[in-house]
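Participant: Just dropping this structure here.
Numbering (UniProt numbering), first residue to last: 1 to 174.
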């Protein structure tokens, strides 16, 4: 039986679970993509306040674009298995390197198809936001992410370089 996910907005009541998610990534020395800056946040409260501000064009923090961050929650257990961030529009940096959507799945929950489920649900949200073409990028060599993007309809466009990192860019027409 395939486990199913739902996307939910983070809430203060999930503080402990969210911090446990962060801890798992730190322990594995992995990049927490799609978490709206959770890795660098001074505190949960500061992160959550920024998360709320960044949902709206009127209150988005300087240098950022409006975005909505969701938790990927396993429907039966309620466990947070991933994060996914939907940027409502692109700036120049996102157009080259970051894309409309960033996501991550905790190491202990990989291999269950959660990333593809989260991405499919996020694409539905992009449709609701009126985004017609969605850009998704991944680091070259991140074969699991590339496979997920392709499974969800991504069409490879090109690679871009930012410092030592090479990004692969894919578009999905909605």
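Note that beta-carbon positions come from the ideal geometry of N, C-alpha and C, so glycine has one too.
Give me the DSSP bridge partner(s) of residue 80.
Facilitator: For residue 80, which the question treats as bridged, DSSP gives the partners 73.
Participant: Helix, strand or coil: which one does DSSP assign to residue 98?
Facilitator: Three-state result, residue 98: helix.
Participant: Can you tell me whether residue 126 is helix, strand or coil according to DSSP?
Facilitator: Residue 126 falls in the helix class under three-state DSSP.
Participant: Cα-Cα, which of 108, 112, 153, 76 is closest to residue 135?
Facilitator: That would be 153, whose Cα lies nearest to the Cα of residue 135.
Participant: Buried or exposed: where does residue 12 fall if 16 or more other Cβ atoms within 10 Å of its Cβ makes it buried?
Facilitator: Per the 10 Å Cβ criterion, exposed.
Participant: Return the chain-ordered list of same chain residues with a C-beta closer than 8 angstroms to the C-beta of residue 51, the five sequence neighbours on each side being excluded.
Facilitator: Correct list, in chain order: 10, 36, 69.
Participant: Locate the beta strand (DSSP E) running through residue 174, then write down its first and last residues.
Facilitator: Element bounds for residue 174: n/a, residue is neither H nor E.
Participant: Rounded to whole angstroms, what's the CA-CA distance from residue 143 to residue 94? Just pull it up for me.
Facilitator: Each residue's Cα considered, the two are about 21 angstroms apart.
Participant: Quick check on residue 162: buried or exposed, where buried means 16 or more other Cβ atoms within 10 Å of its Cβ?
Facilitator: The residue in question, residue 162, is exposed, as its Cβ has fewer than 16 Cβ neighbours within 10 Å.
Participant: Around the C-beta of residue 85, are 16 or more other C-beta atoms found within 10 angstroms, so that it is buried, or is it exposed?
Facilitator: It counts as buried.
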